[in-house]
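Sequential numbering from 247 applies to the sequence shown in the UniProt record's numbering.
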Amino acid sequence: QAAALAAGFAGNNRLADGHAVPLLANVATGKDAAKAAAAGAEGVGLLRTEFCFLDRDTEPTHEEQVAAYTAVFREFAGKKVVIRTLDAGADKPLPFLTNADEPNPALGVRGYRTDWTSPGVLARQLAAIAQAAQENEAEIWVMAPMIATTDEAAHFTQLAKEAGLKTAGVMVEVPSAALTSSHILQNADFASLGTNDLTQYAMAADRMLGPLAHLNDPWQPAVLHLIKATCDGAAAASAATGTAKPVGVCGEAAADPALAAVLVGLGVTTLSMSPRALTAVNRVLATITVEEAQRLAAQALAAPTAEAARDAVRGSLPILD
Ligand code: PEP
Ligand code: MG
Numbered sequence: 247q248a249a250a251l252a253a254g255f256a257g258n259n260r261l262a263d264g265h266a267v268p269l270l271a272n273v274a275t276g277k278d279a280a281k282a283a284a285a286g287a288e289g290v291g292l293l294r295t296e297f298c299f300l301d302r303d304t305e306p307t308h309e310e311q312v313a314a315y316t317a318v319f320r321e322f323a324g325k326k327v328v329i330r331t332l333d334a335g336a337d338k339p340l341p342f343l344t345n346a347d348e349p350n351p352a353l354g355v356r357g358y359r360t361d362w363t364s365p366g367v368l369a370r371q372l373a374a375i376a377q378a379a380q381e382n383e384a385e386i387w388v389m390a391p392m393i394a395t396t397d398e399a400a401h402f403t404q405l406a407k408e409a410g411l412k413t414a415g416v417m418v419e420v421p422s423a424a425l426t427s428s429h430i431l432q433n434a435d436f437a438s439l440g441t442n443d444l445t446q447y448a449m450a451a452d453r454m455l456g457p458l459a460h461l462n463d464p465w466q467p468a469v470l471h472l473i474k475a476t477c478d479g480a481a482a483a484s485a486a487t488g489t490a491k492p493v494g495v496c497g498e499a500a501a502d503p504a505l506a507a508v509l510v511g512l513g514v515t516t517l518s519m520s521p522r523a524l525t526a527v528n529r530v531l532a533t534i535t536v537e538e539a540q541r542l543a544a545q546a547l548a549a550p551t552a553e554a555a556r557d558a559v560r561g562s563l564p565i566l567d
């Protein structure tokens with residue numbers, strides 16, 4: 247707590263009107279999780295589990311996985327931890343799971359799709375997550391990367407529930423998932439927008455390529471409209487099922503304070519980021535109400551370019567002057 251105060255964020259993020267928007271952390275290891283907790287993170291919004299699998303020739307054992315997940319869960323007793331199942335492929339190749347000869351790895355067998363070519367790895371990971379969840383006090387939500395269709399969401403949710411996990415969701419990082427979130431979220435408990443991949447796929451611009459960086463900008467109007475479509479679909483699914491279907495953001499977009507305000511205005515309920523961004527996002531959100539966030543979102547959606555959207559929103563946030 248002392249470290250959190252020194253760093254400027256002590257948890258409990260609120261807008262100026264008292265509306266809570268929990269600020270969570272993106273982490274990969276127990277060490278990251280300890281740092282995130284010290285920085286005031288209200289939970290984990292993205293636990294990337296690749297670290298447990300990378301640089302190995304074989305799948306980690308059940309015990310190795312339980313130990314790796316426990317190292318993170320124990321730092322957040324009583325708090326929410328959103329753990330993502332293995333996102334191998336594309337920028338994260340794994341020798342025993344992905345095919346290095348694919349012509350277009352970003353469009354290939356990656357994320358959730360590896361369940362089709364290597365059946366069993368996902369179910370075993372879910373079993374390890376469920377055991378670690380049982381042995382720890384954190385509130386565990388599990389989600390799958392690279393979900394593109396409603397059938398995939400339904401299948402993942404079924405696998406997670408069969409493993410004994412209570413809350414199962416999907417990452418929305420493929421435009422097809424953003425546009426069909428009303429159906430997807432009738433088959434999943436929550437969504438988390440992965441704006442890094444959502445931007446890459448919306449703009450057809452490889453996120454690894456420097457010359458395309460101006461396209462890989464989450465302020466791009468197409469990306470903002472996809473985020474809006476996701477939130478609107480979630481609201482429709484909530485109404486249809488009578489159960490709230492929260493939408494978080496765990497891509498880099500959440501770490502940009504002005505964009506964070508826009509995301510809240512679009513209907514996003516939690517923001518997950520690198521712990522070092524928590525203080526700046528908290529400071530800006532504390533200066534606006536929900537209605538102001540909604541006005542900023544409308545301004546951003548009306549802009550014809552990424553630059554225009556960014557300039558308009560920053561110009562409307564006096565704290566950023
Ligand atoms: C994303 O795509 O925005 C995301 C959070 O996942 P990763 O960066 O690990 O692909
Ligand atoms: Mg991603």
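Just so it is clear, CB atoms sit at the ideal spot from N, CA and C, and this is done for glycine as well.
Note that the structure is predicted; figures quoted are calculated from it, not measured.
Counting only residues of its own chain and dropping the five nearest sequence neighbours on each side, L547 has a CB closer than 6 Å to the CB of L470. Ordered by chain, the residues meeting the criterion of a beta-carbon within less than 6 Å of a non-hydrogen atom of the ligand MG are P391, E419, G440, N442, D443. Going by DSSP, T396 is part of the alpha helix (DSSP H) stretching over 396-408. T331 has its alpha-carbon roughly 14 Å from the corresponding atom of K407. Taking each of V328, F297, T304, K326 in turn and checking the Cα distance to A313, the smallest one comes out for F297.
Across the structure, A499 and L505 are spaced so that their CA atoms are roughly 6 Å apart. Just measuring C-alpha positions, the residue of M449, A317, E398, D435 sitting nearest E381 is A317. In the displayed model, R260 falls within a strand according to three-state DSSP.
For the ligand PEP, a non-hydrogen atom lies closer than 6 Å to the CB of C496. Note that the stretch 481-498 does not touch the stretch 450-458; fewer than 3 beta-carbon pairs, one per stretch, sit closer than 8 Å. Check the Cα spacing between G264 and each of V495, L531, L340: the tightest is with L531. Restricting attention to V559, T441, A480, A544, the CA atom closest to the CA of L517 is found in T441.
Between the stretch 391-406 and the stretch 423-436, the count of Cβ pairs shorter than 8 Å is three or higher; the stretches touch. Inter-residue distance for I393 and V416 is about 6 Å (C-alpha atoms, whole angstroms). Relative to the Cα of T360, the nearest Cα in the group V559, N272, T476, G335 belongs to G335. If one requires a minimum length of 4 residues, the alpha helix (DSSP H) runs lying completely within the stretch 260-309 are 276-284, in chain order. By the CB criterion at 7 Å, L270 and A256 fall outside the cutoff. DSSP places V469 within a helical segment (H, G or I) once states are collapsed to three.
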